[in-house]
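Peer 1: Chain order of the listed sequences is D and Y. Quick note: the first sequence uses the working numbering, first residue 1133, plus one each step. Quick note: the second sequence uses the working numbering, first residue 450, plus one each step.
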Amino acid sequence: EPEVTQTPSHQVTQMGQEVILRCVPISNHLYFYWYRQILGQKVEFLVSFYNNEISEKSEIFDDQFSVERPDGSNFTLKIRSTKLEDSAMYFCASRTNNEQFFGPGTRLTVL
Amino acid sequence: KQEVTQIPAALSVPEGENLVLNCSFTDSAIYNLQWFRQDPGKGLTSLLLIQSSQREQTSGRLNASLDKSSGRSTLYIAASQPGDSATYLCAVRPAGGTSYGKLTFGQGTILTVHP
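So, in structure tokens, the structure goes:
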């Protein structure tokens, strides 16, 4: 069964460093998303991406964040200068019409 | 702004019990509602999706209902098993043409089923 994959599973970085989180959505899906979950808190929407552009973003998704679909398969989230408060689990998701399917997540730890 | 609340926050039951998890949302203008399962440190597994026009959906021992007008959904788990132990999340997708499908999540119900 097709699934969303994410790499790496765990990323440790120093504050101020840039990180890129990678996702491979399900191949025939058209809508792509990033969410995050800070430990012990709700899953929060960051950004949606459709037709090669951002379609919606939350207040969290400021200028430090960017997304890209560099080819036909990958979908990336870049954080330019990480902060301690960026430590969280980051989930990628994709969908066709209705149901969203989530990847296993990347745990980002900022030291 | 949509707010999603789940009750109870945690539930511990003996194996074999039938149980109900509750989800409420403040804005009834939803397109659909999804229930997810999350194991510790893991991703989200979709369990059931209910369209706004539907009243319920069933998958195996799981049954989810939706009362859109009152802003409520329930997840019923029949004959619970220790393997059902996980956090259960509900999430709503807003209706409307400007929405690209972002989900708003509740905080989850942590379920423990003990043998």
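We put the beta carbon where it would ideally sit given N, CA and C, even for glycine.
Flag residue 481 of chain Y as yes if its beta-carbon sits less than 8 Å from any beta-carbon of chain D, otherwise no.
Peer 2: To locate residue 481 of chain Y, count along the second sequence from 1; it is residue 32. Interface residue, yes.
Peer 1: For residue 1152 of chain D, which residues does DSSP report across the bridge?
Peer 2: Counting from 1 along the first sequence, the entry for residue 1152 of chain D is found at position 20. In the DSSP output, where bridge partners are listed per residue, residue 1152 of chain D has D:1210.
Peer 1: With three or more beta-carbon pairs closer than 8 Å as the criterion, would you say the stretch 515-533 of chain Y touches the stretch 1147-1162 of chain D?
Peer 2: With the cut-off at 8 Å, the stretch 515-533 of chain Y and the stretch 1147-1162 of chain D do not touch.
Peer 1: Could you spell out where the beta strand (DSSP E) holding residue 500 of chain Y opens and where it closes?
Peer 2: Sequence index remark: in the second sequence, residue 500 of chain Y carries index 51 (1-based). Taken as a continuous stretch (DSSP letters only), the beta strand (DSSP E) holding residue 500 of chain Y covers 493-500.
Peer 1: Within 10 angstroms of its Cβ, does residue 461 of chain Y collect 16 or more other Cβ (buried), or is it exposed?
Peer 2: Residue numbering aside, residue 461 of chain Y sits at position 12 when the second sequence is read from its first letter. The residue in question, residue 461 of chain Y, is exposed, as its Cβ has fewer than 16 Cβ neighbours within 10 Å.
Peer 1: Out of D:1236, D:1217, D:1176 and D:1165, state which residue places its alpha-carbon closest to the alpha-carbon of residue 1228 of chain D.
Peer 2: For this step, residue 1228 of chain D is matched to residue 96 along the first sequence. That would be D:1165, whose Cα lies nearest to the Cα of residue 1228 of chain D.
Peer 1: Would you grab the beta carbon distance between residue 1188 of chain D and residue 549 of chain Y for me? Rounded to a whole angstrom, and I think it's under 8 Å.
Peer 2: On the first sequence, residue 1188 of chain D is found 56 positions in, with the first residue counted as 1. On the second sequence, residue 549 of chain Y is found 100 positions in, with the first residue counted as 1. Indeed they touch by this definition, with Cβ atoms about 5 Å apart.
Peer 1: Give me the chain Y residues within the contact set of residue 1227 of chain D, using Cβ-Cβ distance strictly less than 9 Å, ordered along the chain.
Peer 2: Numbered from its first residue, the first sequence carries residue 1227 of chain D at position 95. Within chain Y, the residues near residue 1227 of chain D are 550.
Peer 1: Tell me, which residues are paired with residue 505 of chain Y by DSSP?
Peer 2: Taking the second sequence and counting its residues from 1, the one referred to as residue 505 of chain Y is at position 56. Answer is Y:514, bridged to residue 505 of chain Y.
Peer 1: Between the Cα of residue 474 of chain Y and the Cα atoms of Y:483, Y:496 and Y:454, which residue gives the shortest distance?
Peer 2: Numbered from 1 along the second sequence, position 25 holds the residue referred to as residue 474 of chain Y. The residue with the shortest Cα to Cα distance from residue 474 of chain Y is Y:454.
Peer 1: Is any beta-carbon of chain Y found at less than 8 Å from that of residue 1182 of chain D?
Peer 2: The count along the first sequence starts at 1 and reaches residue 1182 of chain D at position 50. Chain Y contact via Cβ: present.
Peer 1: Check for me: the beta strand (DSSP E) holding residue 1145 of chain D runs from which residue to which?
Peer 2: Within the first sequence, residue 1145 of chain D is the residue found at index 13, counting from 1. Its beta strand (DSSP E) spans residues 1142-1145.
Peer 1: Hey, quick one: how far does the beta strand (DSSP E) through residue 471 of chain Y stretch, first residue to last?
Peer 2: Against the second sequence, residue 471 of chain Y aligns to sequence position 22. Start and end: 468-474.
Peer 1: Compute the Euclidean distance between the alpha carbons of residue 1193 of chain D and residue 563 of chain Y, then round it to the nearest angstrom.
Peer 2: Against the first sequence, residue 1193 of chain D aligns to sequence position 61. Against the second sequence, residue 563 of chain Y aligns to sequence position 114. Their Cα atoms are separated by approximately 41 Å.
Peer 1: Taking C-alpha atoms, which residue in Y:555, Y:495 and Y:522 lies nearest to residue 1231 of chain D?
Peer 2: Mapped onto the first sequence, residue 1231 of chain D falls at position 99. Answer by Cα proximity: Y:495.
Peer 1: For the candidate residues D:1195, D:1200, D:1236 and D:1196, whose alpha-carbon lies nearest to that of residue 1138 of chain D?
Peer 2: Residue numbering aside, residue 1138 of chain D sits at position 6 when the first sequence is read from its first letter. Among D:1195, D:1200, D:1236 and D:1196, the Cα nearest to that of residue 1138 of chain D is on D:1236.
Peer 1: Using CA coordinates, which residue listed in Y:452, Y:468, Y:514 and Y:483 is at the minimum distance from residue 611 of chain Y?
Peer 2: Past the edges of chain Y, shown from 450 to 564, lies residue 611 of chain Y, and the structure says nothing about it.
Peer 1: With distances taken Cα to Cα, identify the nearest neighbour of residue 524 of chain Y among Y:459, Y:477 and Y:497.
Peer 2: Here residue 524 of chain Y refers to the residue found at position 75 of the second sequence. Of Y:459, Y:477 and Y:497, the residue nearest in Cα terms is Y:497.
Peer 1: If we count Cβ pairs, one from each stretch, closer than 8 Å, do we get three or more for the stretch 1206-1225 of chain D versus the stretch 497-513 of chain Y?
Peer 2: Segments in contact, no.
Peer 1: Excluding the 5 residues flanking residue 508 of chain Y on each side, which residues of the same chain have their C-beta closer than 8 Å to its C-beta?
Peer 2: Numbered from 1 along the second sequence, position 59 holds the residue referred to as residue 508 of chain Y. So the list reads 496 and 497, once near-sequence residues are dropped.
Peer 1: Does the distance from the CB of residue 1234 of chain D to the CB of residue 492 of chain Y come in under 8 Å?
Peer 2: The residue you call residue 1234 of chain D lines up with position 102 of the first sequence. The residue you call residue 492 of chain Y lines up with position 43 of the second sequence. Taking 8 Å as the Cβ cut-off, residue 1234 of chain D and residue 492 of chain Y qualify as a contacting pair.
Peer 1: With distance defined between alpha-carbon atoms, name the residue in Y:518, Y:472, Y:478 and Y:452 nearest to residue 485 of chain Y.
Peer 2: Residue 485 of chain Y sits at position 36 when you count from the first residue of the second sequence. The shortest Cα separation from residue 485 of chain Y among Y:518, Y:472, Y:478 and Y:452 belongs to Y:472.
Peer 1: Do the CB positions of residue 1168 of chain D and residue 1222 of chain D come within less than 8 Å of each other?
Peer 2: Counting from 1 along the first sequence, the entry for residue 1168 of chain D is found at position 36. Counting from 1 along the first sequence, the entry for residue 1222 of chain D is found at position 90. It is a contact, given that the beta carbons lie within the stated cut-off.
Peer 1: Which residues in the same chain as residue 1152 of chain D place their Cβ atom closer than 6 Å to its Cβ, once the five residues preceding and following it in sequence are excluded?
Peer 2: The count along the first sequence starts at 1 and reaches residue 1152 of chain D at position 20. Cβ neighbours of residue 1152 of chain D beyond the five flanking positions: 1208 and 1210.
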